[in-house]
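If you're matching them up, the sequences are chains A and B in order.
Going letter by letter, the first sequence gives residues 1 to 310 in this note's numbering.
Going letter by letter, the second sequence gives residues 1001 to 1093 in this note's numbering.
Notes follow once the structure below has been shown.
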Amino acid sequence: LQPRSTDDFNYASYHTLSEINSFIDALVQENPNLVSKIVIGQSYEGRPLNVLKFSTGANRPGIWIDTGIHSREWVTQASGTWFAKKIVTDYGRDAALTAILDSFDIFLEIVTNPDGFQFTHTSNRMWRKTRKPISGSLCVGVDPNRNWDAGFGGAGSSSSPCSETYRGPYAHSEPEVKAIVDFVKSHGNLKAFVSIHSYSQMLLYPYGYTKTPCKDQAELHEVAQRAVAALTSLYGTKYEYGSIINVIYQASGGTIDWTYNQGVKYSFTFELRDTGRYGFLLPANQIIPTAQETWLSLMVIMDHTKNNSY
Amino acid sequence: KETFVGHQVLRITAKNEAEIVLLKELSQLEHLELDFWREPIDESLPVDVRVPFHSLQPVRSFLAYNEIHYDIMIEDLQDLLDTEQQEMMSSRA
């Protein structure tokens, strides 16, 4: 049974890929003047890489949000679905979001790694990587957060195809990554890029592949501090924040290092809620609180982006 | 469909750099088929690792021998996955 509308969709439950795709189509159908679906490419197994575009005018700068590049992190795709509904609900009602959407487009890729996500629903709930076979190996898939051309192949990624952090044979070898690369380049005017993962309660900015601070570190740190304060204000969830290499570990070939080097100054990555009991298996009753608190920090980042043109 | 009966997820709290080094050595033992959900990086961060049933005994022995503290975060992974599936099914219904 499919929900008749996005009002009937159960945001407090996990959903399959087809259910999320149906949700995307329904949201577009219900909000034709605000939301459209663009397909930025195909996954290795031929699935469409769907991106929701929220737009109120032409030729706007853009803000990118992606959820679920690591397929087993189900709370991220679930949060992305909630964000999509939140945007259409709040536009015209919430002054801050309305102001953002009156000057920026928001792009939201809810299922960034659809092959992996489908695999977690059908074959292996613990699958993290893409599903592209590796030539000369029995192991399958690449860690799409080590596959970007930013310190690619350096420390903090693995050259072993069987590793969960296998970087892939070359940068942007994964169609799911290459599609975003092509989109970012062709758009040419993205001002913020937020990639959402779970779990360990962190808000991070570049760099991961080098200890050299990025040139905007002071500003990004201040934004992260405010974003985390907003997040914590709702349920008291404590986050750490800082550069990837300082707060968590050295990671080469990461998403936001690449976007930052492409000139997207406001590049951030989240690690969502950790209850300390469930890891990647966050109970579904945690989806909405997680999405709600994350949304507050997303609003800080988007609002700062709006107010600080560059 | 791959099942995870008897798999446990351990939350390990290293108290110093020496224990982190030991945990990194543990992570290199491929025959144990460990899945590090949170890798050993620094003693300020917990380490979460999924341990298949067949590796529970050697991993626990390793941790005990080296006096590295851990808690069982997930007692039986498959139980949790079954619950998750049931919740999805009931949500659809």
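Every residue gets a Cβ at the ideal spot worked out from N, C-alpha and C, and that includes glycine.
Query, Result
"Strictly below 8 angstroms CB to CB, what residues from chain B border Thr122 of chain A?", "Lys1001"
"Flag this pair as touching only if the segment 148-156 of chain A and the segment 250-259 of chain A have three or more C-beta atom pairs under 8 angstroms; answer yes or no.", "yes"
"Does the beta carbon of Ser280 of chain A come closer than 8 angstroms to any beta carbon on chain B?", "Checking the sequence shown, residue 280 of chain A turns out to be Phe, not Ser. With 8 angstroms as the cut-off, Phe280 of chain A counts as an interface residue toward chain B."
"With distances taken Cα to Cα, identify the nearest neighbour of Ile20 of chain A among A:Ala179, A:Ser309 and A:Leu52.", "A:Leu52"
"Which residue or residues does DSSP assign as beta-bridge partners of Ile65 of chain A?", "A:Leu108 and A:Val194"
"Determine the extent of the beta strand (DSSP E) in which Gln42 of chain A is found, giving its start and end residues.", "Val35 to Gln42"
"Heavy atom of the ligand FAD less than 7 angstroms from the Cβ of Tyr260 of chain A, yes or no?", "In the structure on display, the ligand FAD does not appear, and there are no ligands present to speak of."
"For chain C, check one thing: does any of its Cβ atoms lie closer than 8 angstroms to the Cβ of Asn10 of chain A?", "Judged by its chain identifiers, the structure shown contains no chain C, and its protein chains are A and B."
"Could you tell me which residues DSSP pairs with Lys53 of chain A in its beta bridges?", "A:Ser36 and A:Phe107"
"Less than 8 angstroms between the C-beta atoms of Gly254 of chain A and Ala171 of chain A, yes or no?", "no"
"Scan the segment 125-201 of chain A and note each continuous alpha helix (DSSP H) run of 4 residues or more that stays entirely inside, going in chain order.", "175-187"
"Have a look at Arg47 of chain A and Asp1071 of chain B and give me their C-alpha separation to the nearest angstrom.", "40 angstroms"
"Might you give, ordered along the chain, the residues of its own chain that have their beta carbon closer than 7 angstroms to the beta carbon of Asp115 of chain A, omitting 5 neighbours on each side?", "Ser43, Tyr44, Glu45, Arg47, Thr130 and Arg131"
"Just to make sure I have the definition right: I need the residues of chain A whose C-beta is within less than 8 angstroms of the C-beta of Asp1076 of chain B. Which are they?", "Neighbours of Asp1076 of chain B on chain A: none; closest Cβ ~12 angstroms, over 8 angstroms."
"What's the C-alpha gap between Ala12 of chain A and His197 of chain A?", "18 angstroms"
"For Phe1048 of chain B, go through chain A and note every residue whose CB falls closer than 8 angstroms to its CB, in chain order.", "According to the sequence displayed, residue 1048 of chain B carries Asp and not Phe. Per Cβ cutoff of 8 angstroms: Gly279."
"Report yes if the CB atom of Leu1010 of chain B is closer than 8 angstroms to the CB atom of Val1051 of chain B, and no otherwise.", "yes"
"Quick check on DSSP: helix, strand or coil for Tyr91 of chain A?", "coil"
"Pull up the CB-CB distance for Leu203 of chain A and Ser297 of chain A, whole angstroms please, since I reckon it's below 8 angstroms.", "7 angstroms"
"Below 7 angstroms on C-beta distance, what does Ala284 of chain A contact in chain B?", "Glu1087"
"Are Ser268 of chain A and Val181 of chain A touching if we call contact CB-CB under 8 angstroms?", "Here residue 268 of chain A is Phe; the residue named in the question, Ser, does not match the sequence. Not a contact, by the Cβ cut-off of 8 angstroms."
"Identify every residue that forms a DSSP beta bridge with Gln1008 of chain B.", "B:Val1051"
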